[in-house]
Amino acid sequence: MDRSNPGTNANRLFARRVVDVEKVPMKFFLVWGLFSSVAIVAIMVFLAAFSSGIVFGIPVDFAVDNEERVYLSYESGVYVVEQGKRCAIWPDEKHSPALSVSEDDMLTMANVADVRVADLTRSDLKSGRLEIVKSYFAPDNVLYSIGMDQHDADPQNGATYRFQSGFNNFEIYREKGGKSELFYSMPRSDRAWTLAAKIGFILWFPYVFSAILLWSIYSKRHPEYVKKAPYLWKKRTE
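In the UniProt record's numbering, the protein residues as written are 1 to 238.
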């Protein structure tokens, strides 16, 4: 009675066949490489655009001061919008800070473990210079937690400013005396970039899968380019 070797059965069970890249035509490599690189280039472009402050998505928090200037907290830093122009006033950090402005024009920026207070009356916002009058370490920062929990509303100077966000845009409304009016809205260029980035992220995984599938289909149609893969756990004696 013929009995098979257990080791041989194991080798057959785990045997794999791979494409011999030395036999694949260079033309296919170029076409497949260009097709695959689209996903990588797209992700790099979106990451560079949003992290550099060239393009802005939806902020994590906002605040409005007595002069109705809007402060927005992004992953790329804190910005102020004045007369339709957006200026950077604080660099990016590990966590985007929660924002609040007091009646005496003190801007508080609180992240997970640090609190910084800037005097807006002594700051030059157009040049991006903040006059920090207080800074302290605050582990388990309560101000940050409260700011994130109440990021959709900001009472200031007798009015309440409310933040509303959608799939690819956000708007800030000013409520006073029972009336509500649009105070600030996301620029159209940022809306377009945000929409493109979200659609690109949704399509990224199917696109990468299609690149892998293309390689698999090609190898099945050309079995002459396929060879047995050596076992990595098996020491070569030759």
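Positions of the beta carbon are idealized from the N, C-alpha and C atoms, including for glycine.
Discussion item. Would you call the region 74 to 91 in contact with the region 28 to 45, where contact means no fewer than 3 C-beta pairs closer than 8 Å?
Written reply: Because the criterion of three Cβ pairs below 8 Å is not met, the region 74 to 91 and the region 28 to 45 do not touch.
According to DSSP, is Leu125 part of a helix, a strand, or is it coil?
Reduced to three states, the DSSP call for Leu125 is helix.
To the nearest angstrom, report how far apart Val81 and Thr108 are at their CA atoms. Straight-line spacing of the CA atoms in Val81 and Thr108 works out to 17 Å.
When the distance is taken between beta carbons, is Tyr218 closer than 8 Å to Phe29?
-> No, these two residues do not count as a Cβ contact at 8 Å.
Per DSSP, what are the beta-bridge partners of Ser185 in this structure? Its beta-bridge partners are Glu171.
- Item | Under the three-state DSSP convention, the category Pro223 falls into | Pro223 falls in the helix class under three-state DSSP.
Could you tell me which uninterrupted beta strand (DSSP E) segments, each at least 3 residues in length, are contained entirely in the region 188 to 214, listed from first to last along the chain?
-> Counting only runs of at least 3 residues, the region 188 to 214 fully encloses no beta strand (DSSP E) element at all.
Next item on the list: Compare the Cα-Cα distances from Pro59 to each of Pro223, Glu131, Asp190, Ala211 and report the closest residue.
Entry: Minimum Cα distance to Pro59 is reached at Asp190.
Measuring alpha carbon to alpha carbon, tell me which of Phe35, Lys179, Leu47 ends up nearest Phe201. Here the closest residue by C-alpha is Leu47.
Exercise for review: From the DSSP output, in three-state form, read off Phe137 for me.
Suggested key: Strand.
Taking the continuous beta strand (DSSP E) assigned at Arg86, which residues delimit it?
Counting along the chain, the beta strand (DSSP E) containing Arg86 begins and ends at 85 to 91.
8 Å contact criterion, which Leu130 and Ala118 should meet: CB distance rounded
Contact flag correct, Cβ pair sits at about 4 Å.
Can you tell me whether Tyr136 is buried or exposed? The criterion is at least 16 other CB atoms within 10 Å of its CB, across all chains shown. Label assigned to Tyr136: exposed.
message = Would the region 55 to 69 count as touching the region 153 to 171 if we require 3 or more Cβ pairs under 8 Å?
response = With contact defined as three or more Cβ pairs closer than 8 Å, the region 55 to 69 and the region 153 to 171 are in contact.
* Report the option in Pro25, Lys85, Ala211 whose CA atom is closest to the CA atom of Pro187. => Out of Pro25, Lys85, Ala211, Lys85 has the C-alpha closest to the C-alpha of Pro187.
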